[in-house]
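Report on the structure given below.
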Amino acid sequence: MLINSLYKFIAKRLSPAGKNAQLTVLTYHRVLLDQDILFHHEVTCASFNAQLLRLKAVFNVLPLFDAVEHLKAGTLPDRAACITFDDGYADNATNAALILQRHGLTATFFIATAYLNGGRMFNDTVIESIRRCQSSGLDLTALGLGQYDLATSDAKVSAIGQILPQIKYLPWAERETLAAHIAKLAFSGTLPDNLMMTTDQLKGLQRAGMEIGGHTARHPILAKLDADAVRREIFSGRQFLEDALGVPVRLFAYPNGKPGIDFLPEQANIVRELGFAAAVTTQSGAASQSTDPYQLPRFTPWRPDVACFIPELLINLRNSRRVIWSRREPLCLIH
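Under this note's numbering, the letters of the sequence shown match residues 3 to 337, in that order.
So this is what it looks like as structure tokens:
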């Protein structure tokens, strides 16, 4: 297609091979069978398939570990991109992996190990309880969290969006307890216990040629922990994965992932000291050879219109290139 040729031309100008290369790392969490009635931006099998078709038509898609090693050495091919998933949702194994294999692509899956085999992350406890709430409102004043209208799907989305930020940065145990209390007030039934992978599904991903990375055990906000607790979380998560898979775990993703907010430079140093080859953040952008390999940026394509997918990636590359060249001289070709 002519449009793909144009996109490839632009991508190559923005991300040439060698020492001036840029690495685009995509972030995903879930790939659903059907569109979520509450979260329309969540990727479905159909939209993920469409995105991969476009991605491999324009970019050179590489395994993350290989791409990082080439980036460090200045030997990255032009238009390089990688695919990553965070947390360890079961649909990564049942949906995403099958679509990746169909396209001959690999991805890196960063796993929060404490939630495998029937666990549930705090945010999903809140989301799924409010999703199932039959009342038109929810009173959480006893928990210090206010009152919420739940009369419509939009109202539920708004409530979730207000509640989660209030508890996300609490200490892990307090966060889990508060999420459980919210669930008890919102819904009297049983919440799903199959949202996250099983160890067998994790092993299946590895057998399918996917790379597995560390994401701590319990997905805490590392910036809120002391150095010993950070080491324990990162080490225990990696140890579980290595014991289960029998291979070294070489890559890491910071929970939540915002530099200076969710993790600090000293925590990046701990990741380095523990022997990981690289670590990824959720800071938007693309990585260059000068980027700290323990604070690699990633980009999440949020817009639901798949026609915007490649343009979004090109804009991300352009913005990252401007940051690099602003330290030297203007790059008029990208204005």
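For every residue, glycine included, the Cβ atom is placed at its ideal position computed from N, Cα and C.
When secondary structure is reduced to three states using DSSP, asparagine 94 falls in the helix class.
Distance from isoleucine 214 to leucine 243 at the Cβ level is roughly 6 Å; contact confirmed, criterion being Cβ atoms closer than 8 Å. Shown here, threonine 77 sits in coil according to DSSP, grouped into three states, outside any helix or strand. Shortest Cα-Cα distance from leucine 253 to any of Ala109, Gln24 and Trp304 involves Ala109. By the neighbour-count criterion, in which 16 or more other beta carbons inside 10 Å mark a residue as buried, phenylalanine 11 falls on the exposed side. Between the alpha carbons of glutamine 241 and isoleucine 5 lies a distance of about 46 Å. Glutamate 213 is bridged by DSSP to Thr110.
Annotation note: the segment 110-165 contains the following uninterrupted beta strand (DSSP E) runs of length 3 or greater, listed N- to C-terminal: 110-113, 139-141 and 149-151. Cβ contact annotation for alanine 279 (same chain, cutoff 6 Å, sequence separation greater than five): Arg252, in chain order. In this structure, DSSP gives phenylalanine 242 a helical state, which the three-state scheme calls helix. Shown here, leucine 40 sits in coil according to DSSP, grouped into three states, outside any helix or strand. Non-local beta-carbon contacts of methionine 199 in its own chain, meaning distances under 6 Å to residues more than five positions away in sequence, involve Gly90, Ala92, Ala95 and Leu118 in chain order. With 16 or more other Cβ atoms inside 10 Å of its own Cβ, proline 299 counts as buried.
Looking at the DSSP output, proline 261 bridges to Phe265. Excluding the 5 residues flanking it on each side, leucine 142 has same chain C-beta neighbours closer than 8 Å at Gly148, Gln149, Tyr150, Ile165, Ile184 and Leu187, in chain order.
Straight through space, the alpha carbons of arginine 133 and glycine 211 are spaced by roughly 35 Å. Partner residues in the beta bridge of methionine 198, as assigned by DSSP, are Tyr91. In this structure, threonine 29 and threonine 284 form a Cβ contact; the two beta carbons are roughly 7 Å apart against a cut-off of 8 Å. Counting along the chain, leucine 180 sits inside no beta strand (DSSP E); it lies in the alpha helix (DSSP H) bounded by residues 174-188. DSSP places alanine 281 in the strand class (E or B) of the three-state scheme. In this structure, the alpha-carbon of tyrosine 296 lies about 27 Å from that of threonine 201.
Taken through DSSP and simplified to helix, strand or coil, isoleucine 85 comes out as strand.
For serine 322, the CB contacts under 7 Å within the same chain, skipping 5 residues up- and downstream, are Gln24, Gly287 and Ala288 in chain order. The three-state reading of DSSP puts leucine 276 in coil, since its state is none of H, G, I, E or B. A distance below 9 Å separates the beta carbons of arginine 220 and alanine 114. Taking the Cα positions, alanine 231 is about 15 Å away from alanine 116. For threonine 127, the CB contacts under 6 Å within the same chain, skipping 5 residues up- and downstream, are Ala181 and Ala185 in chain order. The shortest C-alpha to C-alpha distance from glutamine 291 to any of His72, Met3, Asp36 and Phe61 is the one to His72. Per DSSP, the beta bridge partners of phenylalanine 301 are Leu28. A Cβ-Cβ distance of about 4 Å is found for the pair leucine 224 and phenylalanine 265, placing them in contact under the 8 Å criterion.
Under the DSSP definition of a beta bridge, threonine 293 lacks any partner. Beta-carbon to beta-carbon, proline 306 and histidine 43 are separated by about 6 Å, close enough to satisfy the 8 Å threshold.
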